[in-house]
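Colleague: The opening position of the sequence shown corresponds to residue 0 in numbering that gives the first Met the number 0, with each subsequent residue numbered one higher. In this text, a Cβ means the ideal position worked out from N, Cα and C, and glycines have one as well.
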Amino acid sequence: MTGPLSGSTQALDVITIGRASVDLYGQQIGSRLEDVTSFAKSVGGCPANIAIGTARLGLRSALLTRVGNEQFGRFLREQLAREGVNLDGLKTDPERLTALAILSVESDKSFPLLFYRENCADMALEEGDIDEAFIAKGRAVVVTGTHFARPGPEAAQRKAMKLMRANGGKVVLDIDYRPNLWGLAGHDAGDNRYIASQAVSERMKTVLPGCDLIIGTEEEVLIASGESELLPALKTIRSLTPATIVLKRGPMGCIVYEGAIPDDLEDGIVGKGFPIEVYNVLGAGDAFMSGFLRGWLGGESLQTAATWANACGAFAVSRLLCSPESPTFEELQFFLKNGSPHRALRKDAEINHIHWATTRRRDIPSLMALACDHRSQLEELAAKTGADPARIREFKVLAVKAAARVTNGRPGYGMLLDEKHGREAMFEFARHPFAWLGRPVELPGSRPLRFEASQDIGSLLPEWPVDHCIKALCFYHPDDPEELKREQQEKLRGLFEAARKVGRELLIEIIASKNGPLGADTISRALEEIYALGIKPDWWKLEPQSSPAAWAAIENTIAKHDPWCRGVLLLGLDAPAEELEAGFAATAGSPIVKGFAVGRTIFMSAAEGWLAGKLDDEAAIADMTKRFEALTGLWLATRGRKAA
0 MTGPLSGSTQ
10 ALDVITIGRA
20 SVDLYGQQIG
30 SRLEDVTSFA
40 KSVGGCPANI
50 AIGTARLGLR
60 SALLTRVGNE
70 QFGRFLREQL
80 AREGVNLDGL
90 KTDPERLTAL
100 AILSVESDKS
110 FPLLFYRENC
120 ADMALEEGDI
130 DEAFIAKGRA
140 VVVTGTHFAR
150 PGPEAAQRKA
160 MKLMRANGGK
170 VVLDIDYRPN
180 LWGLAGHDAG
190 DNRYIASQAV
200 SERMKTVLPG
210 CDLIIGTEEE
220 VLIASGESEL
230 LPALKTIRSL
240 TPATIVLKRG
250 PMGCIVYEGA
260 IPDDLEDGIV
270 GKGFPIEVYN
280 VLGAGDAFMS
290 GFLRGWLGGE
300 SLQTAATWAN
310 ACGAFAVSRL
320 LCSPESPTFE
330 ELQFFLKNGS
340 PHRALRKDAE
350 INHIHWATTR
360 RRDIPSLMAL
370 ACDHRSQLEE
380 LAAKTGADPA
390 RIREFKVLAV
400 KAAARVTNGR
410 PGYGMLLDEK
420 HGREAMFEFA
430 RHPFAWLGRP
440 VELPGSRPLR
450 FEASQDIGSL
460 LPEWPVDHCI
470 KALCFYHPDD
480 PEELKREQQE
490 KLRGLFEAAR
500 KVGRELLIEI
510 IASKNGPLGA
520 DTISRALEEI
530 YALGIKPDWW
540 KLEPQSSPAA
550 WAAIENTIAK
560 HDPWCRGVLL
570 LGLDAPAEEL
580 EAGFAATAGS
590 PIVKGFAVGR
600 TIFMSAAEGW
610 LAGKLDDEAA
620 IADMTKRFEA
630 LTGLWLATRG
640 RKAA
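1) Quick one: give me the first and last residue of the alpha helix (DSSP H) that residue 65 is part of.
2) Which residue wins for smallest C-alpha separation from residue 595, given the options 82, 436, 184?
3) Report the three-state DSSP secondary structure of residue 289 (helix, strand or coil).
4) Am I right that residue 503 and residue 570 are in contact with their C-beta atoms under 8 angstroms? What's the rounded C-beta distance?
5) Should residue 432 be labelled buried (16 or more other beta-carbon atoms within 10 Å of its own) or exposed?
6) Taking residue 689 and residue 439 to be in contact with their CB atoms under 8 angstroms, please state how far apart those CB atoms are, rounded to whole angstroms.
7) Please report the distance separating the alpha-carbon of residue 201 from that of residue 150.
8) Can you tell me which residues form a DSSP beta bridge with residue 567?
9) Between residue 677 and the rest of its own chain, which residues show a CB-CB distance below 7 angstroms, the 5 nearest in sequence each way excluded?
10) Looking only at C-alpha atoms, which of 66, 637, 465 sits nearest to residue 93?
11) Rounding to the nearest angstrom, what Cα-Cα distance links residue 1 and residue 257 in this structure?
12) Nearest-angstrom Cα distance between residue 282 and residue 312?
13) Could you give the distance in angstroms between the alpha-carbon of residue 481 and the alpha-carbon of residue 532?
14) Looking at the secondary structure, which residues open and close the beta strand (DSSP E) in which residue 237 lies?
15) Hey, could you find the ends of the alpha helix (DSSP H) residue 146 is sitting in?
16) With H, G and I counted as helix, E and B as strand and the rest as coil, what does DSSP make of residue 38?
17) Taking just the CA atoms, how far does residue 253 sit from residue 266?
18) Using alpha carbons as the reference points, say which of 243, 355, 319 lies closest to residue 300.
19) Could you give the uninterrupted runs of the alpha helix (DSSP H) lying entirely in the segment 68-106, keeping only those of 4 residues or more?
20) Per DSSP, what are the beta-bridge partners of residue 439 in this structure?
21) Between which two residues does the beta strand (DSSP E) carrying residue 414 extend?
22) Which of the three DSSP states is assigned to residue 458 in this structure?
23) Based on Cα-Cα distance, which residue from 373, 224, 592, 102 lies nearest to residue 207?
24) For residue 277, which residues does DSSP report across the bridge?
25) Looking at residue 280: is its Cβ nearer than 8 angstroms to the Cβ of residue 246?
26) DSSP on residue 3, reduced to helix/strand/coil?
27) Could you tell me if residue 186 is buried or exposed, where buried requires 16 or more neighbouring beta carbons within 10 angstroms of its beta carbon?
28) Go ahead and label residue 454 buried or exposed: buried means 16 or more other beta carbons lie within 10 angstroms of its beta carbon, across all protein chains shown.
29) How would you label residue 288, buried or exposed, when you count the other beta carbons within 10 angstroms and need 16 or more for buried?
30) Tell me where the alpha helix (DSSP H) around residue 121 begins and ends.
31) Using C-beta distances below 8 angstroms, list every residue in its chain close to residue 381, excluding the 5 sequence neighbours before and after it, in chain order.
32) So, with DSSP's three-state summary, where would you put residue 504?
33) Is residue 183 helix, strand or coil when you go by DSSP?
34) Leaving aside the five residues before and after residue 549 along the sequence, list all residues of the same chain whose C-beta is less than 6 angstroms from its C-beta, in chain order.
35) Quick check: residue 13 and residue 75, are their CB atoms within less than 8 angstroms of each other?
36) My output table needs one value for residue 320: the three-state DSSP class, helix, strand or coil.
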């Protein structure tokens with residue numbers, strides 16, 4: 000078959016149909032579902048997981064289903080879009096709620112699971128939702144066993160299969176057997192994977208002749224065939240269809256059968272297996288399917304497709320969630336090339352970093368940020384002007400309004416705001432379409448580094464919105480005394496580990512010039528020492544450098560240790576606009592420098608006038624707007640661009 004990167008004229012590689020739910024995973028591992036106290040939310044449902052899994056692997060995927068007209072439905076829509084899944088086939092059902100799945104990891108063999116699917120949106124899918132022109136855009140359609148359990152979704156899937164075949168495409172069946180979704184088990188038996196049923200088998204046997212690829216576990220092969228033993232089951236399926244059959248065997252990998260089923264089941268095509276520790280089996284089959292489709296639709300051999308499928312399944316089974324744990328193509332290729340010293344892949348720091356960096360919520364190729372996270376400077380200014388320090392909070396809201404005027408809906412703008420004086424400003428920030436928000440955690444002026452609110456920083460971060468970036472300013476010089484460096488390094492390492500644990504991005508700001516000379520290699524040496532600790536921040540914020548050689552050394556250091564780093568932001572240090580322009584120009588040839596985060600140059604004059612009662616709200620906003628607009632203009636000019 001033609002690979003997705005080798006000239007296919009189809010707009011889509013794969014269209015998945017059916018279940019789309021919000022998964023709520025218990026975060027207390029080893030606990031009964033009754034005792035779980037907090038949950039992690041993600042996209043779930045076999046077809047939705049496969050759509051995301053294949054998109055991460057480079058296929059052009061689409062999901063055809065329904066979601067509710069409510070917050071969870073919008074979450075699914077927004078997250079699928081972030082993952083690059085085509086949404087042309089995603090309908091909003093105004094009458095029904097989005098499905099839910101609630102589950103826990105009780106042990107490595109027990110995964111209690113509750114489905115909330117009574118009259119849910121995706122089960123209302125019907126023939127009329129299947130548009131021939133949309134199906135014709137795809138090279139393959141994936142149908143799932145669960146959606147043959149009800150008349151409406153069954154008719155929809157059969158129509159999609161017929162249309163895909165008529166347009167020369169391929170039909171893929173994920174048997175996806177859930178007995179309680181066929182009405183064969185109680186609500187509390189969501190994790191039951193097999194109950195024999197002649198009625199289910201007879202219905203599934205009518206689906207098999209229309210398929211080109213069939214994937215299932217041993218139990219799923221039994222239910223699809225109606226047989227009670229594996230070899231007769233495979234032969235029964237073969238008698239009904241010439242489709243390629245993929246038998247999933249859990250930790251033993253899989254076997255692929257083309258043509259006649261051999262009497263010795265081991266005589267099929269076998270991909271490389273990956274023995275790993277089982278953490279959570281839920282979602283592993285969806286990752287497996289994604290990997291197989293990437294190889295199968297990409298023109299790889301069946302053995303390669305099976306190997307990729309096994310590897311993707313290994314990632315999923317070693318991690319907690321479903322769709323969020325599917326690997327990206329970069330991550331998969333790294334694992335296939337290098338392997339891992341860990342049976343529990345979730346403990347592999349190198350792989351985890353690639354996964355993190357290649358699944359970030361949004362791309363931010365450039366960033367111009369108004370930094371208004373200053374605390375001590377504004378407190379000193381309030382004292383100087385005789386203003387009530389409580390007014391600092393009001394001023395920061397004005398700063399957000401000024402930045403929003405400059406942003407005007409355009410991409411690439413952000414802010415730095417603090418918790419101490421900027422809480423109301425953050426609420427105002429959320430009302431505008433900014434690209435990024437950074438929040439400081441350092442105690443202002445501390446050296447060695449201390450955190451402002453609590454030294455137990457990990458306990459505070461879960462309260463933050465998921466797209467807020469942690470910012471830590473560290474006065475760090477590579478020639479500092481070793482004891483001081485060790486103390487600061489340990490603080491940064493703890494912060495980095497906490498950031499990754501709770502899924503928040505991290506910006507580390509390094510200021511060296513206040514505590515020693517700034518040579519051509521000073522900052523690159525500092526970065527080397529921090530990287531040596533295993534710390535890989537998403538962003539660096541650095542002071543302007545004295546020479547192109549200094550920027551070249553910084554860029555080489557970052558490229559060597561973390562090619563997935565988002566980049567460097569320049570800080571201002573209250574420099575006049577002319578100095579900042581020179582600093583901007585000095586980095587024009589350094590692609591690692593992606594923008595700036597400047598504060599006092601923009602807001603200090605307005606803050607002094609406003610706190611002293613010499614400027615009203617509008618005048619303060621106008622002054623900051625003018626200065627921020629001018630600074631963004633200078634930045635864009637040094638990059639050969641104009642403001643949109």
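Modeller: Based on what the coordinates show:
1) Here residue 65 corresponds to residue number 66 of the sequence shown, with the count starting at 1. Per DSSP, residue 65 belongs to no alpha helix (DSSP H); it is in the beta strand (DSSP E), 60-67.
2) One-based indexing of the sequence shown puts residue 595 at position 596. Minimum Cα distance to residue 595 is reached at 436.
3) Numbered from its first residue, the sequence shown carries residue 289 at position 290. Helix.
4) Residue numbering aside, residue 503 sits at position 504 when the sequence shown is read from its first letter. Residue numbering aside, residue 570 sits at position 571 when the sequence shown is read from its first letter. That pair is no contact at about 21 angstroms.
5) Position 433 of the sequence shown, counted from the first residue, corresponds to residue 432. Looking at its Cβ environment, which holds fewer than 16 other Cβ atoms inside 10 Å, residue 432 is exposed.
6) Because the chain is modelled from 0 through 643, residue 689 falls outside the range shown and cannot be assessed.
7) Position 202 of the sequence shown, counted from the first residue, corresponds to residue 201. Position 151 of the sequence shown, counted from the first residue, corresponds to residue 150. Distance between the alpha carbons of residue 201 and residue 150 is about 15 angstroms.
8) Working through the sequence shown from its first residue, we reach residue 567 at position 568. According to DSSP, residue 567 bridges with 539, 592.
9) The shown model of the chain, from 0 to 643, leaves out residue 677, and the question about it has no answer.
10) By one-based count along the sequence shown, residue 93 stands at place 94. When each option's Cα is compared against that of residue 93, the closest is 66.
11) Taking the first residue of the sequence shown as 1, we reach residue 1 at position 2. Taking the first residue of the sequence shown as 1, we reach residue 257 at position 258. Interpretation of residue 1 is limited by its pLDDT of 35, a score under 50 that renders its predicted location unreliable; no figure is taken from the coordinates.
12) Counting from 1 along the sequence shown, the entry for residue 282 is found at position 283. Counting from 1 along the sequence shown, the entry for residue 312 is found at position 313. For residue 282 and residue 312, the distance between alpha carbons rounds to 8 angstroms.
13) Residue 481 sits at position 482 when you count from the first residue of the sequence shown. Residue 532 sits at position 533 when you count from the first residue of the sequence shown. Distance between the alpha carbons of residue 481 and residue 532 is about 14 angstroms.
14) For this step, residue 237 is matched to residue 238 along the sequence shown. Residue 237 -> not in any beta strand (DSSP E); alpha helix (DSSP H) instead, spanning 229-239.
15) The residue labelled residue 146 in the question sits at position 147 within the sequence shown. Where residue 146 is concerned, there is no enclosing alpha helix (DSSP H), given that its DSSP letter is neither H nor E.
16) Translated into the one-based positions of the sequence shown, residue 38 becomes position 39. It is a strand residue.
17) Locating residue 266 in the sequence shown gives position 267, counting from the first residue. Locating residue 253 in the sequence shown gives position 254, counting from the first residue. Rounded to whole angstroms, residue 266 to residue 253 spans 12 angstroms at the Cα level.
18) What you label residue 300 is simply residue 301 of the sequence shown in a count that begins at 1. Out of 243, 355, 319, 243 has the C-alpha closest to the C-alpha of residue 300.
19) 70-81
20) The count along the sequence shown starts at 1 and reaches residue 439 at position 440. Answer is 470, bridged to residue 439.
21) Against the sequence shown, residue 414 aligns to sequence position 415. Element bounds for residue 414: 412-416.
22) The residue given as residue 458 occupies position 459 in the sequence shown. Correct three-state label for residue 458: helix.
23) Residue mapping note: residue 207 aligns to position 208 of the sequence shown, counting from 1. It is 224.
24) If you number the sequence shown from 1, residue 277 lands on position 278. Answer by DSSP bridge pairing: none, since residue 277 is not bridged.
25) For this step, residue 280 is matched to residue 281 along the sequence shown. For this step, residue 246 is matched to residue 247 along the sequence shown. Contact flag unset, no.
26) Taking the first residue of the sequence shown as position 1, residue 3 is located at position 4. Interpretation of residue 3 is limited by its pLDDT of 44, a score under 50 that renders its predicted location unreliable; no figure is taken from the coordinates.
27) As a working mapping, residue 186 is identified with position 187 in the sequence shown. Classification for residue 186: exposed.
28) Taking the sequence shown and counting its residues from 1, the one referred to as residue 454 is at position 455. Exposed is the call here.
29) For the purposes of this step, residue 288 is taken as the residue at position 289 of the sequence shown. The residue is buried, with at least 16 neighbouring Cβ atoms inside 10 Å.
30) Taking the sequence shown and counting its residues from 1, one reaches residue 121 at position 122. Element bounds for residue 121: n/a, residue is neither H nor E.
31) Residue 381 sits at position 382 when you count from the first residue of the sequence shown. Cβ neighbours of residue 381 beyond the five flanking positions: 387, 388, 390, 391, 610.
32) Locating residue 504 in the sequence shown gives position 505, where the first residue counts as 1. Coil.
33) Here residue 183 corresponds to residue number 184 of the sequence shown, with the count starting at 1. In the structure shown, residue 183 sits in coil (DSSP, three-state: anything other than H, G, I, E or B).
34) For the purposes of this step, residue 549 is taken as residue 550 along the sequence shown, with counting starting at 1. Closer than 6 angstroms at Cβ, skipping near neighbours: 519.
35) Position 14 of the sequence shown, counted from the first residue, corresponds to residue 13. Position 76 of the sequence shown, counted from the first residue, corresponds to residue 75. Cβ atoms of residue 13 and residue 75: not closer than 8 angstroms.
36) In the sequence shown, counting from the first residue as 1, residue 320 sits at position 321. In the structure shown, residue 320 sits in coil (DSSP, three-state: anything other than H, G, I, E or B).
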